[in-house]
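Residue numbering for the sequence shown is -3 to 421, as defined by our numbering. In this text, a Cβ means the ideal position worked out from N, Cα and C, and glycines have one as well. Written below as C-alpha cells is the structure these notes are about.
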Amino acid sequence: MFWKIIYNLILLPFLFLIVLIGIIFSSKIRAGFLGRLKSKKILNTFIKNSKNDVKDVFWFHAASLGEYEQIKPVLSGLKEVEPNSYFILSVFSPSGYDYVKDDQIDCKIYLPFDFYWTIRACLLIVKPKKIIFAGYDVWPNLIWAAKKLNIHSVLFAARFSKKSSKGFVLVRKFYRDIYNSFSAIYTISNSDNEQLFKIIGKQNQPIIRILGNPRYDQVKTKSDKFTKERTQSVIQRPKRLIFGSMHVEDEKRLLESALGLLKDVKDLSFIWAPHDPSKKNIERIEDFFRSSEIHTNRLEDNDVNQVDGKVIIVDSIGKLSQLYWDAQIAYIGGGFSSGIHNVMEPAIARLPVFFGPEYSKFHEAEELILKGGGFSVESGAELFIQVKSLFENSSIFMNASYSATKVVHDNLGSSTRIIRSLIHD
-3 MFWKIIYNLI
7 LLPFLFLIVL
17 IGIIFSSKIR
27 AGFLGRLKSK
37 KILNTFIKNS
47 KNDVKDVFWF
57 HAASLGEYEQ
67 IKPVLSGLKE
77 VEPNSYFILS
87 VFSPSGYDYV
97 KDDQIDCKIY
107 LPFDFYWTIR
117 ACLLIVKPKK
127 IIFAGYDVWP
137 NLIWAAKKLN
147 IHSVLFAARF
157 SKKSSKGFVL
167 VRKFYRDIYN
177 SFSAIYTISN
187 SDNEQLFKII
197 GKQNQPIIRI
207 LGNPRYDQVK
217 TKSDKFTKER
227 TQSVIQRPKR
237 LIFGSMHVED
247 EKRLLESALG
257 LLKDVKDLSF
267 IWAPHDPSKK
277 NIERIEDFFR
287 SSEIHTNRLE
297 DNDVNQVDGK
307 VIIVDSIGKL
317 SQLYWDAQIA
327 YIGGGFSSGI
337 HNVMEPAIAR
347 LPVFFGPEYS
357 KFHEAEELIL
367 KGGGFSVESG
377 AELFIQVKSL
387 FENSSIFMNA
397 SYSATKVVHD
407 NLGSSTRIIR
417 SLIHD
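See the structure below:
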C-alpha cells in the first residue's frame, strides 16, 4: 500500500506535470496526450460493437514499434490457437501508434493515462482474459488494477540489467511491489532471472520462466521474405557501411571519423539512416558531407544499388531491414544516448554490427559481443580503427559475419515457448 500511495500522490502527478509542459514544446508528446484522451472512448465503442460476440479478449501492450516486433510473432501464434478471440494493442509512443499496422489487431489504442480510476474503468469495459506486456514498459496502476480485478497479467521478454537503477534499495522495493503483482514473468536469460529474483525477493512470487526473446523469430521471419533472392555472399556485396537509426548524439561522436573512413578505405560508400528522418535531420547530414565535397543522394523509393552517391541518405522509415542486405558492415544508433536500436536485423543479414556503449539493456547486443559478431565503441576513433581493420582483413571479417548470424539462429524458438506458456499458465 505504501508504494501505491507514493506512486499515485507523488510520482504520477509529477510525471503528468512534465507531460503537460512537454505538450507545449513537442508535437510527439502532444500527439500522445491527445491520443490518450480518446482511448477509453475507442475501447468502449469497440466493445459495444462486439457485444453480441462472446469472445475472449487478449490485451497486448508495447512501448513502441520496436517492442511490437517482440509481440508480433507471439500475437500471430496465439491468434492461430485462439482464432475466435479479440486482440487489443495499446502502445505508449506516437511512433508505435502511427507505424504499427497489422490486420491481426482488432483494436489499437494509446495506452490510457495510468491513473487508477481511468485504468480500472478501461479494464471493466474490456474485461480481458489476459494482459500481456513486452519488454520493459510496465505501468504500475495497470498491473495493480489487473490483479485487483483477477485479470491474468504477463510480462515476457523481460530484461533486467545489472546496471539498472532497479538494483538500488528504494527503487528495488518499489519495483518489487509491481513485479510481484504479475501473474507470470518470462525472462530472456539466466542472468535476467537472477536479477529478477534480487528484485522480487522470495515471497509471493509470480510464475517465472526463462523463455528467450521472440524478436529473434520476428527478425528471421521478416528476412525470409526477401532472402531467397539474396544468394550473394556478404563478401561479394558492395563495400558499404550502413549507419542505421542514427541519433544526433551518434552523429556528434562519429561523423568526423566516418568522413575519415570514406577517404581512407578504397571504394567505400555509406547508407545513412537517421532515426528521425525529418527534413531538418536529413539536410544537416547532407550539409556535413557536401561541405567536404562528398556526393550525397536521397534514397526515396529507389533501389539502393541504382542510386548514385557516396552517401545515400534514407529519407523514410521501414526500409532498414532490407537495406542491411546491401551492405557489409553496420553501425546501429542510440548507443550514445537512450540505448541502441535493433541489432538483430543487421546480424541476420550477415553483417558485423557496431554500436555505442549504452547497450546493457539489450541481451542480444551482449550475445553479439560475446560471440564475436558485435562490437561496442566508445568513440569515433575506435569505430574508425575497428571498421578499417575488418575491411582490410577478409578472414576476420568473415568470422565476425558468421558469428553475428549464428547468434540469431541459436536463439530462435522463443515465440513457441511463450505461446505455450500463455495458454497453460
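Checklist entry - Can the beta-carbon of D263 be found closer than 7 Å to that of K235? => result Here residue 263 refers to the residue found at position 267 when the sequence shown is read from its first residue. Here residue 235 refers to the residue found at position 239 when the sequence shown is read from its first residue. Result yes, Cβ atoms of D263 and K235 sit closer than 7 Å.
Next on the checklist: Bridge partners for A154 per DSSP, in chain order?
Outcome noted: Within the sequence shown, residue 154 is the residue found at index 158, counting from 1. Partner(s): T183.
Checklist entry - What's the gap between the Cα of F88 and the Cα of S60? => result Looking up residue 88 in the sequence shown gives position 92. Looking up residue 60 in the sequence shown gives position 64. So the alpha carbons of these two residues sit roughly 6 Å apart.
Checklist entry - Going by DSSP, which residues form a beta bridge with I308? => result Taking the first residue of the sequence shown as position 1, residue 308 is located at position 312. Note: I308 is bridge-paired with I267 and N293 in the DSSP secondary-structure output.
Next on the checklist: So within the stretch 66 to 110, which uninterrupted alpha helix (DSSP H) runs reach at least 4 residues, ignoring any that extend past its ends?
Outcome noted: Segments of the alpha helix (DSSP H) lying fully in the stretch 66 to 110: 90 to 95.
Next on the checklist: Please state the DSSP three-state secondary structure of M242.
Outcome noted: Here residue 242 refers to the residue found at position 246 of the sequence shown. Assigned with DSSP and collapsed to three states, M242 falls in strand.
Next on the checklist: Distance check for L71 and Y3, CA to CA, integer angstroms please.
Outcome noted: As a position in the sequence shown, residue 3 is number 7, starting the count at 1. As a position in the sequence shown, residue 71 is number 75, starting the count at 1. Cα to Cα, the separation comes out at about 31 Å.
Checklist entry - For the stretch 167 to 215, which segments carrying the alpha helix (DSSP H) assignment without a break, of at least 4 residues, lie completely within its bounds, in sequence order? => result For secondary structure counted as the alpha helix (DSSP H) over 4 or more consecutive residues, the stretch 167 to 215 holds these complete runs in sequence order: 186 to 196.
Checklist entry - Looking at the unbroken alpha helix (DSSP H) that takes in A323, where does it start and where does it end? => result Along the sequence shown, one-based indexing puts residue 323 at 327. Per DSSP, A323 lies in no alpha helix (DSSP H) segment and is marked neither H nor E.
Checklist entry - Rounded to whole angstroms, how far is the Cβ of I181 from the Cβ of A154, which I believe are closer than 8 Å? => result In the sequence shown, the residue the question calls residue 181 occupies position 185. In the sequence shown, the residue the question calls residue 154 occupies position 158. Sure, about 5 Å apart at Cβ, within 8 Å.
Checklist entry - Using DSSP with H/G/I as helix, E/B as strand and the rest coil, what is G462? => result With the chain represented from -3 up to 421, any question about residue 462 goes unanswered, as that position is not in the structure.
Checklist entry - Hey, out of F350, L8, K97 and I381, whose CA is closest to S397's CA? => result Start at 1 with the first residue of the sequence shown, and residue 397 comes out as number 401. The candidate whose alpha carbon is nearest that of S397 is F350.
Checklist entry - Can you tell me where the beta strand (DSSP E) with I127 in it begins and where it stops? => result Locating residue 127 in the sequence shown gives position 131, counting from the first residue. Where I127 is concerned, the enclosing beta strand (DSSP E) starts and stops at K126 to A130.
Item to check | Which of helix, strand or coil DSSP assigns to R286 | outcome: Start at 1 with the first residue of the sequence shown, and residue 286 comes out as number 290. Secondary structure of R286 (DSSP, three-state): helix.
Checklist entry - With A343 and G369 assumed to form a contact (beta carbons below 8 Å), what rounded beta-carbon distance in angstroms separates them? => result Counted from its first residue, the sequence shown places residue 343 at position 347. Counted from its first residue, the sequence shown places residue 369 at position 373. Right, the Cβ-Cβ distance comes to about 6 Å (below 8 Å), so this counts as a contact.
Checklist entry - What do you get for I6, buried or exposed, if any count of 16 or more other CB atoms within 10 angstroms of its CB means buried? => result Residue mapping note: residue 6 aligns to position 10 of the sequence shown, counting from 1. That one is exposed.
Checklist entry - According to DSSP, is L366 helix, strand or coil? => result Numbered from its first residue, the sequence shown carries residue 366 at position 370. Residue state, collapsed to three classes: helix.
Item to check | Runs of beta strand (DSSP E) lying entirely within the stretch 342 to 397, each at least 3 residues, in chain order | outcome: List check, beta strand (DSSP E) in window: 349 to 351 and 370 to 372.
Next on the checklist: By alpha-carbon positions, which one of K159, G352 and F129 ends up nearest to H148?
Outcome noted: By one-based count along the sequence shown, residue 148 stands at place 152. The option with the nearest alpha carbon to H148 is F129.
Item to check | Stretch pair the stretch 298 to 312 + the stretch 327 to 342: three plus CB contacts closer than 8 Å | outcome: Cβ pair count under 8 Å is below three, so no.
Checklist entry - Taking the alpha carbon of L207 as the point to measure from, which residue in I19, S411 and I43 has its own alpha carbon closest? => result Residue mapping note: residue 207 aligns to position 211 of the sequence shown, counting from 1. With distances taken between Cα atoms, L207 lies closest to S411.
Next on the checklist: Let me confirm a value: F83 is counted as buried when at least 16 other C-beta atoms fall within 10 Å, else exposed. Which label applies?
Outcome noted: For the purposes of this step, residue 83 is taken as residue 87 along the sequence shown, with counting starting at 1. Buried, because 16 or more other Cβ atoms sit within 10 Å of the Cβ of F83.
Checklist entry - Would you say N146 and Y112 are within 7 Å of each other, going by their C-beta atoms? => result By 1-based counting over the sequence shown, the position of residue 146 is 150. By 1-based counting over the sequence shown, the position of residue 112 is 116. No; because the gap between Cβ atoms is not below 7 Å, this pair is not in contact.
Next on the checklist: Under DSSP, the alpha helix (DSSP H) around V122 begins and ends at which residues?
Outcome noted: Within the sequence shown, the letter at position 126 stands for residue 122. From DSSP, the alpha helix (DSSP H) with V122 extends over Y112 to V122.
Checklist entry - Quick one: what does DSSP say S149 is sitting in, helix, strand or coil? => result Walking along the sequence shown from the start, residue 149 turns up at place 153. Judged by DSSP in its simplified three-state form, S149 adopts strand.
Checklist entry - Do you know how far the Cα of F284 is from the Cα of I278? => result In the sequence shown, the residue the question calls residue 278 occupies position 282. In the sequence shown, the residue the question calls residue 284 occupies position 288. So the alpha carbons of these two residues sit roughly 10 Å apart.
Checklist entry - Can you tell me whether R286 is buried or exposed, with buried defined as 16 or more other CB within 10 angstroms of its CB? => result In the sequence shown, the residue the question calls residue 286 occupies position 290. Per the 10 Å Cβ criterion, exposed.
Checklist entry - Counting along the chain, where does the beta strand (DSSP E) carrying V53 start and finish? => result Position 57 of the sequence shown holds residue 53. Bounds of the beta strand (DSSP E) holding V53 are V53 to A58.
Next on the checklist: Using a Cβ distance threshold of 8 Å, determine whether the stretch 381 to 392 contacts the stretch 313 to 322, with at least three qualifying pairs required.
Outcome noted: Between the stretch 381 to 392 and the stretch 313 to 322 there are fewer than three C-beta pairs closer than 8 Å, too few to call the two in contact.
Item to check | Residue burial classification, H291 (beta-carbon count within 10 angstroms, cutoff 16) | outcome: As a working note, residue 291 is residue 295 in the sequence shown. Within 10 angstroms of the beta-carbon of H291 lie fewer than 16 other beta-carbons, which makes it exposed.
Checklist entry - If S157 and K357 are in contact, beta carbons under 8 Å, what's the gap, nearest whole angstrom? => result Mapped onto the sequence shown, residue 157 falls at position 161. Mapped onto the sequence shown, residue 357 falls at position 361. Right, their Cβ atoms sit about 5 Å apart.
Item to check | Nearest to E341 (by Cα), restricted to the options N389, E296, E388 and A400 | outcome: Here residue 341 corresponds to residue number 345 of the sequence shown, with the count starting at 1. Closest option to E341, Cα to Cα, is A400.
Next on the checklist: Does the stretch 36 to 50 come into contact with the stretch 14 to 21, if we say contact requires no fewer than three beta-carbon pairs (one atom in each stretch) closer than 8 Å?
Outcome noted: No, the stretch 36 to 50 does not touch the stretch 14 to 21.
Checklist entry - Taking the C-alpha atoms as reference points, what is the distance between I325 and K97? => result The sequence position of residue 325 within the sequence shown is 329, counting from 1. The sequence position of residue 97 within the sequence shown is 101, counting from 1. One C-alpha to the other measures close to 29 Å.
Next on the checklist: So the candidates are A377, I365 and P348; which of them puts its Cα closest to the Cα of F393?
Outcome noted: By one-based count along the sequence shown, residue 393 stands at place 397. Answer by Cα proximity: P348.
Checklist entry - Which residues bound the alpha helix (DSSP H) around Q232? => result As a first step, residue 232 is located in the sequence shown; it is residue number 236 there, counting from the start. Run containing Q232: none; DSSP gives neither H nor E here.
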